[in-house]
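> Okay, here's the structure, questions in a sec.
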Amino acid sequence: MRDPVVVAIAANRFGLGARPGELDHIAPDPHGWLTAQLEGPAPLIADPALHDTVYVVSMIEETRKMNRDARAHAMKAGGAMAAADVGGVNNGAIFGPQYTAEVLARLQQGATTERPFVERIVQFWSNHFAVSVDKGDLAGLAGCYEREAIRPYVLGHFSELLLAAETHPAMLMYLDNFRSAGPQSAAASHIRHAGINENLAREILELHTLGVDGGYSQADVIAFARVISGWSIGTAEGGFAGGGLPGTFDFRSNLHEPGAQQVDGRVYEQAGQAQGRAVLDDLARNPATAHHIATKLARHFIADEPGDDTVRGIARSFIDSKGHLPTVYRSVVSQAQAWEQPLPKYKTPSDYVFSMYRALQLPATPPGKGAQGIFDTLGQRTWMPASPAGYPDRSADWDGGSALMKRLQWAGQMGRRFGATLDARQLAPQLLGATLTAATRTALDRAASGAQALLLLLASPEFLHR
5 MRDPVVVAIA ANRFGLGARP GELDHIAPDP HGWLTAQLEG PAPLIADPAL
55 HDTVYVVSMI EETRKMNRDA RAHAMKAGGA MAAADVGGVN NGAIFGPQYT
105 AEVLARLQQG ATTERPFVER IVQFWSNHFA VSVDKGDLAG LAGCYEREAI
155 RPYVLGHFSE LLLAAETHPA MLMYLDNFRS AGPQSAAASH IRHAGINENL
205 AREILELHTL GVDGGYSQAD VIAFARVISG WSIGTAEGGF AGGGLPGTFD
255 FRSNLHEPGA QQVDGRVYEQ AGQAQGRAVL DDLARNPATA HHIATKLARH
305 FIADEPGDDT VRGIARSFID SKGHLPTVYR SVVSQAQAWE QPLPKYKTPS
355 DYVFSMYRAL QLPATPPGKG AQGIFDTLGQ RTWMPASPAG YPDRSADWDG
405 GSALMKRLQW AGQMGRRFGA TLDARQLAPQ LLGATLTAAT RTALDRAASG
455 AQALLLLLAS PEFLHR
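Below, the structure written as structure tokens:
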């Protein structure tokens, strides 16, 4: 007979939270339920309302051209002061509806998917390779980035995911690499303020591959930045800074720093774009990268402070499989620590929202305030981390008193809305299984109303943790 606690862990820690009836489906083989989700390609989001990167970047360019033309017209008519008063069209306002549609499509996918383990994996990698909508035009691109550069690659090899993330226009724009020009490049003398930008190179080394303790130096950052100079975005504009199909990766050889470069102790003599790809391939296979990725996966799925043996086991599977990600995920699931403690992780606001939508089987477009607003209210706006490091993944970062109060307030709203039609006493064991405590059962039995009972369930320690 299967341990009933293991069933609840499979759904609520590795998935996005149990739906009514799901624990019964999982019960015969919790481990098999998880690993079966890793077979085949990752599920994509096919929504005709969502634009792709090519469309969004083309609109960004069109908006910029309109603003330039408006300022030029004002300058001609009224001089510099008149031109300065031209506010122009804001891309953030234009792409607000795109951002909202992307958030809702993502929420709908997570709330209804039959492969919640894979969906959590997508969210993990999207946060690992983070971009943020608080920067300029990223409001229109962050959702495209996750759908195009993250989701299709999470069940392949890490090297493929790494290349897709680093060459996507959203990442190149977020970390300013699309403007990076080598000091000895053919175009350097023709571009005002030309120079190497180190942002992307540094974050690839520090955050995406080796980790902050991965042994690289500032000299490696500079050399790597030279290697990926010229990694840019297609634009309709001509000249030294233009060319290519708008909204696609464009390698601009005239911006690329020529010559061999030494990164992490290895000399790379390849020409052009091949030089950067060679560096990424080696970083993807580096043991420091394996340890860094293993630590982050263990922290996300298992415990805030995973054991050394757990991390070593996952890292070994990464190295032995040459970064084959499904093999790595199976290693995560196979770690003994993953099943020892029922509720070690405090849910992030995003976790809490997804688990509640699954628990109550809510649509992603409820009446009143848009569903995307709840992520803002609870403190984790979708695709808006404070830095390229992404949102933090430890309980201490999310379990403050004011943050808990916001969850209680939202749980109260859900109680008032659905308490008359959903019986929390019957729902609780379907969602929490063997992790449901006697104290919570007693509280639900003593609730004065259906609304209060649902509030108590959604605010219970078992529901707040995974």
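Residue numbering for the sequence shown follows my numbering, starting at 5 and increasing by one per position. Note that beta-carbon positions come from the ideal geometry of N, C-alpha and C, so glycine has one too.
(1) By the 10 Å Cβ neighbour count, where 16 or more other Cβ atoms means buried, how is E43 classified, buried or exposed?
(2) What does the Cβ neighbour count give for M409, buried or exposed, with the cut at 16 atoms within 10 Å?
(3) Where does K351 land, buried or exposed, given buried means 16+ other C-beta within 10 angstroms?
(4) Tell me, please, which residues DSSP counts as bridged to F255.
(5) Around the C-beta of P172, are 16 or more other C-beta atoms found within 10 angstroms, so that it is buried, or is it exposed?
(6) Evaluate the contact criterion for the stretch 228-242 versus the stretch 277-289: three or more CB pairs, one atom per stretch, below 8 Å.
(7) Identify, in the order they occur along the chain, each residue of the same chain with its Cβ nearer than 7 Å to the Cβ of N258, setting aside the five sequence neighbours on each side.
(8) Taking buried to mean at least 16 other C-beta atoms within 10 Å of its own C-beta, is P465 buried or exposed?
(9) When DSSP labels each residue in this structure, what does Q456 get in the three-state scheme?
(10) Are the stretch 418-425 and the stretch 454-469 touching, with three or more C-beta to C-beta distances below 8 Å?
(11) Assign Q430 to buried or exposed, taking buried as 16 or more other Cβ atoms, counted over all protein chains shown, within 10 Å of its Cβ.
(12) Exposed or buried, which one is L468 when buried takes at least 16 other CB atoms within 10 Å?
(13) Counting only runs of 4+ residues fully inside the stretch 417-441, write out the alpha helix (DSSP H) ranges in chain order.
(14) Which term fits G36, buried or exposed, when burial requires 16 or more other beta carbons within 10 angstroms of its beta carbon?
(15) Once you ignore the five residues that flank D73 on each side, which residues in its own chain have a CB closer than 6 Å to its CB?
(16) Under 7 Å between the Cβ atoms of A400 and G383?
(17) How should L38 be labelled, buried or exposed, when 16 other C-beta atoms within 10 angstroms of its C-beta is the threshold for buried?
(18) With DSSP run on the structure shown, which of helix, strand or coil describes Y350?
(19) Hey, how far is the Cα of P389 from the Cα of A146?
(20) For the alpha helix (DSSP H) that contains R178, what are its first and last residues?
(21) Look at the alpha carbon of A275 and the alpha carbon of Y220, and state the distance between them as a whole number of angstroms.
(22) Let's test the definition: count the other Cβ atoms within 10 Å of the Cβ of Q102 and tell me whether it reaches 16, buried, or not, exposed.
(23) Is it right to say T369 is buried, meaning 16 or more other beta carbons lie within 10 angstroms of its own, or is it exposed?
(24) Please report the distance separating the alpha-carbon of E21 from that of R362.
By the coordinates alone:
(1) exposed
(2) exposed
(3) buried
(4) W235
(5) As written in the sequence, residue 172 is His, which differs from the Pro given in the question. Classification for H172: buried.
(6) yes
(7) S189, A190, A191, F244
(8) exposed
(9) helix
(10) yes
(11) exposed
(12) buried
(13) 428-436
(14) exposed
(15) none
(16) no
(17) buried
(18) strand
(19) 12 Å
(20) Note that residue 178 corresponds to Tyr in the displayed sequence, not to Arg. Note, Y178: alpha helix (DSSP H), 173-178.
(21) 23 Å
(22) buried
(23) exposed
(24) Note that residue 21 is Gly in the sequence shown, not Glu. When rounded, the distance between both Cα atoms is 6 Å.
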